[in-house]
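Enquirer:
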Amino acid sequence: MIALKSTPSALASPNEIVTNDVFRQGVEATQNGKYSDALEAFTQAIEANSNSAAAYANRCLVEIELAIYEAAISDCTQAIQQQPENTEAYLNRGLAYYRLGNYPPAIADNNHLIQRQPHDLRAYFNRGLTQVALGKPEAAIADFNQALAQRSGSDADAATLAEIYIDRGLAYFALTDVRGAIADFNQAIQLDVNNDRAYYNRGCMYGRQEDYIAAIQDFTQALKLKPDSPEAHLDRGVAHYNLGNEQQALKDLQQAAQFFQSQGKTIPYQRTVNLIKQVQQAQEPVVT
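FYI, in this note's numbering the residues of the sequence shown are 1241 to 1528.
1) Cα separation between Asp1275 and Ala1389?
2) Leaving out five residues on either side along the sequence, give the residues of the same chain with a beta carbon under 7 Å from the beta carbon of Thr1512.
3) Please return the same chain residues whose Cβ sits closer than 8 Å to the Cβ of Ala1269, not counting the five positions on each side in sequence.
4) Helix, strand or coil for Thr1283, going by three-state DSSP, please let me know.
5) Using 10 angstroms around the beta-carbon of Asp1436, count the other beta-carbons present and answer buried if the total reaches 16, otherwise exposed.
6) Please report the distance separating the alpha-carbon of Leu1465 from that of Pro1324.
7) Tell me, to the nearest whole angstrom, how far the beta carbon of Ile1313 is from that of Arg1333; I am working on the premise that it is less than 8 Å.
8) Which of the three DSSP states, helix, strand or coil, is assigned to Val1262?
9) Establish whether the CB of Gln1457 and some CB of chain D are separated by less than 7 Å.
10) One question on the structure: do Gly1443 and Asp1458 come within less than 7 Å of each other, judged by their Cβ atoms?
11) Quick check on the burial criterion: 16 or more other C-beta atoms within 10 angstroms. Buried or exposed for Asn1385?
12) Flag this pair as yes or no: are the beta carbons of Leu1340 and Tyr1309 separated by less than 7 Å?
13) Compare the Cα-Cα distances from Leu1335 to each of Tyr1452, Asp1395, Pro1508, Ala1373 and report the closest residue.
14) Label His1480 either buried or exposed according to how many other C-beta atoms from any shown protein chain fall within 10 Å of its C-beta, with 16 as the threshold for buried.
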């Protein structure tokens, strides 16, 4: 399964007057994706004004982008202590907890945000992702439904909405509702034709239905969008094998093994090597 993604978290808007040039530099660097520069700038801003809740909140966001989650939690907590109504800090702290696998406080932070902003699509989406991680697909679907219900009042773009449909589709799949999953992946593709996750996951569903031709078409499209995806090569290889295309299957499986190895994914690499041996020797269909 592809790792779930959260919606992008917005920069906190400082209520206090911030005139420090480095703060503005941090905002600009964050918006341009230069997170190391932004981290340095917000650190300098905090050193100049340790009471700047906005600087702490924005450094928290940058630390999430840099996968420094413990530091992000500390900074967002500091922002909340200084400015209890800073809803972005709750959103980002909840995301940091989620990324660390600390799900109860992630749920609590999103609950708090929903109480304050009941129409915030991001809070429902992030809570839904956490419900998935907790093995509660029904609760996740309820949250994803709530997120989609807020779409008219939000500024979420089509790509973000597509991600919600994908994750709801994965939750349906967890409930063995393959048709429901395919319907959501279809909707995601309509919203974002360049989303490789949507094609890949729909291909997996077609594979479950033993519609290997449709599965191959979707895996091929996913690979056009993300050529280094070992998962798509792996599953396309299995689909080819189950159609009797052994040479094409081996080509895909070998490519998958190379990508798994180069990406440091040891367990799936070994699993793929074993599949290659199985394809070379076995006569019965294989499954991933």
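Glycine included, each C-beta is placed from N, C-alpha and C at the ideal position.
Expert: Quick look at the numbers:
1) As a first step, residue 1275 is located in the sequence shown; it is residue number 35 there, counting from the start. As a first step, residue 1389 is located in the sequence shown; it is residue number 149 there, counting from the start. It is worth fixing the name first, because residue 1275 is Tyr in this sequence and not Asp. Tyr1275 and Ala1389: Cα-Cα distance of roughly 32 Å.
2) Numbered from its first residue, the sequence shown carries residue 1512 at position 272. Excluding residues within five positions, the ones whose Cβ falls inside 7 Å are Leu1474, Leu1493, Ala1496, Ala1497, Phe1500.
3) Your numbering for residue 1269 matches position 29 in the sequence shown. Closer than 8 Å at the Cβ level, and outside the excluded window around Ala1269, lie Tyr1275, Asp1277, Ala1278, Ala1281.
4) Against the sequence shown, residue 1283 aligns to sequence position 43. Residue state, collapsed to three classes: helix.
5) Counting from 1 along the sequence shown, the entry for residue 1436 is found at position 196. By the neighbour-count rule (16 or more Cβ atoms within 10 Å), Asp1436 is buried.
6) Counting from 1 along the sequence shown, the entry for residue 1465 is found at position 225. Counting from 1 along the sequence shown, the entry for residue 1324 is found at position 84. Their Cα atoms are separated by approximately 42 Å.
7) Counted from its first residue, the sequence shown places residue 1313 at position 73. Counted from its first residue, the sequence shown places residue 1333 at position 93. That pair is a contact at about 6 Å.
8) Counting from 1 along the sequence shown, the entry for residue 1262 is found at position 22. DSSP places Val1262 in helix when its eight states are reduced to three.
9) Although the question refers to chain D, the structure presented lacks it and comprises just one protein chain.
10) As a working mapping, residue 1443 is identified with position 203 in the sequence shown. As a working mapping, residue 1458 is identified with position 218 in the sequence shown. Yes, the pair counts as a contact, with Cβ atoms nearer than the cut-off.
11) Residue mapping note: residue 1385 aligns to position 145 of the sequence shown, counting from 1. Burial call: exposed.
12) If you number the sequence shown from 1, residue 1340 lands on position 100. If you number the sequence shown from 1, residue 1309 lands on position 69. It is a contact, given that the beta carbons lie within the stated cut-off.
13) As a working mapping, residue 1335 is identified with position 95 in the sequence shown. Considering only alpha carbons, the answer is Ala1373.
14) Counting from 1 along the sequence shown, the entry for residue 1480 is found at position 240. With 16 or more Cβ atoms within 10 Å of its Cβ, His1480 is classed as buried.
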